[in-house]
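Number of protein chains: 2
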Amino acid sequence: MSDAALLSIAVDRNAPQPLFQQVYEEIRQRILAGHLQPRAQLPPTRQFAQELGLSRSTVTAAYEQLICEGYAAGQRGSGIYVTELPEDSLQTATAAPRRPAPSVRHGADRPRPFAAGIPDMRLFPYEKWAQAVARTARATPRHLILSDDVFGDGELRSAICNHLSEWRGFAATPEQIVITAGAAGAIDMVFRSLARPGNRVALEDPGYAPLRSMVPSLGLTPIWMPADRAGGANPDALRTDGNAPHLICLTPSHQFPCGGAMPLARRLDFLETARQAGSYIIEDDFDSEFRYSGRPIPAMAGLDEAGRVLYVGSFSKVFSAHVRLGYLVVPEPLVPRFRQTAERFGVGASIMPQRPLADFLKTGEFHRHIRRMRRLYADRRKHFFDLVDRHLSRYVRYTDHQAGMTVLLSFLEKWDDNEIACNAAARGLALQPASAFYARQPSPPGLLAGFTAFDVEEMTAAVQTLADVFRDYRRADTDALN
Amino acid sequence: MSDAALLSIAVDRNAPQPLFQQVYEEIRQRILAGHLQPRAQLPPTRQFAQELGLSRSTVTAAYEQLICEGYAAGQRGSGIYVTELPEDSLQTATAAPRRPAPSVRHGADRPRPFAAGIPDMRLFPYEKWAQAVARTARATPRHLILSDDVFGDGELRSAICNHLSEWRGFAATPEQIVITAGAAGAIDMVFRSLARPGNRVALEDPGYAPLRSMVPSLGLTPIWMPADRAGGANPDALRTDGNAPHLICLTPSHQFPCGGAMPLARRLDFLETARQAGSYIIEDDFDSEFRYSGRPIPAMAGLDEAGRVLYVGSFSKVFSAHVRLGYLVVPEPLVPRFRQTAERFGVGASIMPQRPLADFLKTGEFHRHIRRMRRLYADRRKHFFDLVDRHLSRYVRYTDHQAGMTVLLSFLEKWDDNEIACNAAARGLALQPASAFYARQPSPPGLLAGFTAFDVEEMTAAVQTLADVFRDYRRADTDALN
């Protein structure tokens, strides 16, 4: 009996994994271990949710993921069944899920359509970069392999200061710059240096999903700041209880995933709150290079006179995610503490790209490349919005924030965005459900779509495929209601 | 009153930090905040330990660290006092501890004498490496910036397979290799892929200290395998209770920090235990390239027929720690699961050094460099042992394991190794106390000394300085007894 195998499922509300993922994983293990045979029917979501004491949407999300990964199949209303897995998947409980065959064509090394926050690496100036590398190799070969400082290469740290002053409107000295393994490495370093288990960390809701699992995995307690579409995170949330958070994580230039920029009044409010409470602010400035109209919004770090803001920058969005470089700007009084962290744990960044990247910045190649990409992404954004207006206006609406590498498409109907993202994945599209970014606030259903890495032809095909996904979903939805 | 400020110290026995570190941190914060004034006397260790309900050695270790970092000063027996800190340290509770001025001369970019596990980067073939980089830049510039596969560069993964087959005696296919950000990145990836909060992880005791804090920080429960000097970790520890660990972390080629190689019988015992219990073994093969006599001991992964061993290799010990490259060899049936992890979280390794390193391996430069360093380190080891025999034989003994980059010097007396490491640090030496590696087993006091990065002149001076440290300690110890 399949139901007997499922009765023993236990979920842990204190575990860092979301509940739906625990349910998904438990069922998957039972399928792989052979306790749930092919063609066995999974219990109806309503009944199973009651048995487990969980919400129905949790069970639905678990089922969707099983369907998405090929472990189960079926339609809403007509029952979900365990699929036949290839023989070798069953030999071990650790085998891979089957992936649905993509229906949108793309090369093996190309990102799937709508993949978010990815530069178009076909347009990278490889030759110019190779020249910068070759210059370093000739002039100072030891700088390709050896770092003189635990914070990273001195010339790169100087070049970043110039970049920040010209592009982000604030002054920092090279001593304040730490080169890290991407923005994630920078955020990790702040947590290691400034937070201790039990500390409270304020996170945007909705917000960047990996932070949500990172914070409890370090023994920190998340508290939630509702972020609205217009102005980003709301500082009022920090005043509702007396106990101020130790760290406040913000995306003020371009709220992720909604897209709005935080108004000056709120920025000042956060800074004053942090100053009074002795909290620190992490300013994650993840894609501020891409603003398509008006003047760039200076970084919040530039307003910080009390040394409360830790600015996090990334080279993944304009340069290459595969080189894994980011940086952190540390307020001067905190520098010794961060040096201690760096000496104890290392900073995780490879020294090898650092001196060539300094060269790339100093010769202006880096900024020529940003400007070129910004023009291109502006065109792609316009084309994408035209396509959405033409093919998807019956299903979604969006706000044009004139910035960034992604757009949040909000559904006009109360449809299940997990299910639609899953259906889209089955056709090779990489859209993320809006609900994945929400923690406590009710999630208006929608999809996060990246538009930067795809040319006109690719995007046209992708939007048409997405329109098919919506059309099929609406048809099934209407059928289910009748 | 200083005592009043200290009465409110609270320690958390469930926190991942050691108790002594919590006490240290609490006192440090009070000094920086001005609650403990300069020249205030810290309570005697015995009295303070009773008040806090802690062991006296915990309080002593906390005091030692404060002394070591310049927050306190004094002598055993005559009382410990808060030192005068420079004015600017007191402005913020996050200021740096003062570091004692080194009394052994060394350049700013040189490791401190006895620093463990560090290659001598003065002897790195920079020109050859620059040539390998330049060849990649000319031939395939895109491979300096873009990865074709989430597991890393294909040519490097192939080259690693050849290396493993020739140097470590086991066969793997490139599909099984994941390029990671150092060995730490590889271990982190195993935890993310195979363990879930609440799982038990068996660790060597004594063992690699960062693992001890990493395991609980991921919600995993450590269990301890006593490791002896002769044969490394003992598999009997896993049979004393019924509940097998999910992961078993081992250093079979060269137990860290004791230095012994695990005999074949124990290796087979671990493999069989893992097979029966469904556990996985992490084989951390951190410095096996350096064996100075006899035949190299093949990796444990070569004995694994059941797909239970995850082999972790590093380029930090022979190549450069600053390039941050390591790798993981994943048993074939687990490859899809690790691909999922890599796609979700990334692998953290920079693509940039990968194709040049493949070139370096294929042209034989890499192995020429290993052989050169092995001859050099063999000579340095001999010189180091001669110096120890001549200058330190009244204080320490050691076992010559004919391998590795470090030696554990065991004290002949029951002296406090924290205190002696601290005194040595005050004279610029980077020795680690043996007690830092022990979790549950009683720690025989000693010091871990690295010998690879220092030439004859540097090592001679360093051993003489260390002899002075011991002489002064013995004198103070004798005085205290009289």
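Here the protein sequences come in this chain order: F and S. Take 1 as the starting number for the first sequence in this note's numbering and just add one per residue. Take 1 as the starting number for the second sequence in this note's numbering and just add one per residue. The beta carbon of each residue, even a glycine, is placed where N, CA and C say it ideally should be. Remember, predicted model here, so these are calculated numbers, not experimental data.
Asked                                                                                                                         : Found
Collapsed DSSP secondary structure at S443 of chain F in the structure displayed                                              : coil
W415 of chain F, DSSP secondary structure in three states                                                                     : coil
Under 7 Å by beta carbon: chain S residues contacting I145 of chain F                                                         : F124, Y126, W129, S320, H322, V323
Outcome for S193 of chain S when other beta-carbon atoms lying within 10 angstroms are tallied against a minimum of 16        : buried
Validate contact between the region 209-229 of chain S and the region 142-162 of chain S using beta carbons, cut 8 Å, 3 pairs : no
Close Cβ partners of D472 of chain F (< 6 Å) along its chain, the five nearest in sequence each way excluded                  : none
Contact with chain S by R112 of chain F, beta-carbon distance below 8 Å                                                       : no
Under 7 Å by beta carbon: chain F residues contacting R142 of chain S                                                         : Y126
Residues that G450 of chain F contacts on chain S, provided the C-beta gap is smaller than 9 Å                                : Result: empty, since nearest Cβ-Cβ is about 16 Å, beyond 9 Å.
Strand pairing of L409 of chain S, partner residues [DSSP]                                                                    : S:L447
Complete runs of the beta strand (DSSP E) confined to the region 217-274 of chain S [at least 3 residues]                     : 221-228, 247-250
Pair within 8 Å by beta-carbon distance, P113 of chain F and F470 of chain F                                                  : no
Element boundaries [beta strand (DSSP E), containing G498 of chain F]                                                         : The structure shown does not extend to residue 498 of chain F, since chain F is modelled only from 1 through 482, so no value can be given for it.
Whether Q41 of chain F touches I9 of chain F by CB criterion (8 Å)                                                            : no
Assigned secondary structure, R291 of chain F (DSSP; H/G/I helix, E/B strand, else coil)                                      : strand
For V150 of chain S, the three-state DSSP class (helix, strand or coil)                                                       : coil
Pairwise C-alpha distance: V82 of chain S and I31 of chain S                                                                  : 8 Å
Inter-residue CB distance, Y398 of chain S and T452 of chain S (contact presumed, cutoff 8 Å)                                 : Wrong, their Cβ atoms sit about 16 Å apart, outside the cutoff.
Interface partners of V469 of chain F on chain S, CB under 8 Å                                                                : By Cβ distance, chain S contributes nothing, its closest Cβ being about 22 Å from V469 of chain F, past 8 Å.
Beta-ladder partner(s) of S314 of chain S, from DSSP                                                                          : S:G326
Segment limits, alpha helix (DSSP H) that includes Y377 of chain F                                                            : 365-391
Cβ neighbour criterion (16 or more within 10 Å) applied to S393 of chain S                                                    : exposed
For P141 of chain S and W129 of chain F, believed in contact at Cβ under 8 Å, the rounded distance                            : 6 Å
Bridge partner(s) assigned by DSSP for D284 of chain F                                                                        : F:V312
Same chain, Cβ closer than 6 Å to T60 of chain F, neighbours up to 5 away in sequence not counted                             : T45
Contact between the region 120-128 of chain S and the region 133-153 of chain F (3+ Cβ pairs under 8 Å)                       : yes
S103 of chain S to D149 of chain F span [Cα, whole Å]                                                                         : Low confidence applies here, because S103 of chain S scores a pLDDT of 35, under 50, leaving its location unreliable and the question unanswered by this model.
Under the three-state DSSP convention, the category V335 of chain S falls into                                                : helix
Partners in chain S for I351 of chain F, counting only beta-carbon separations shorter than 8 Å                               : S320, H322, V323, R324
Nearest-angstrom Cα separation, counted from A183 of chain S out to A115 of chain S                                           : 18 Å
Positions along the region 217-228 of chain F whose CB lies within less than 8 Å of some CB in chain S                        : S217, L218, G219
Proximity test, Cβ basis, 8 Å: A244 of chain S and chain F                                                                    : no
Rounded C-alpha distance that separates E413 of chain S from P445 of chain S                                                  : 8 Å
Span separating the alpha-carbon of S491 of chain F from that of A171 of chain S                                              : Not covered by the structure: residue 491 of chain F. The range shown for chain F is 1 to 482.
C-alpha gap between V11 of chain S and F48 of chain S, whole angstroms                                                        : 13 Å
Identity of the residue in F:Y24, F:L448, F:R168 nearest G302 of chain F by Cα                                                : F:R168
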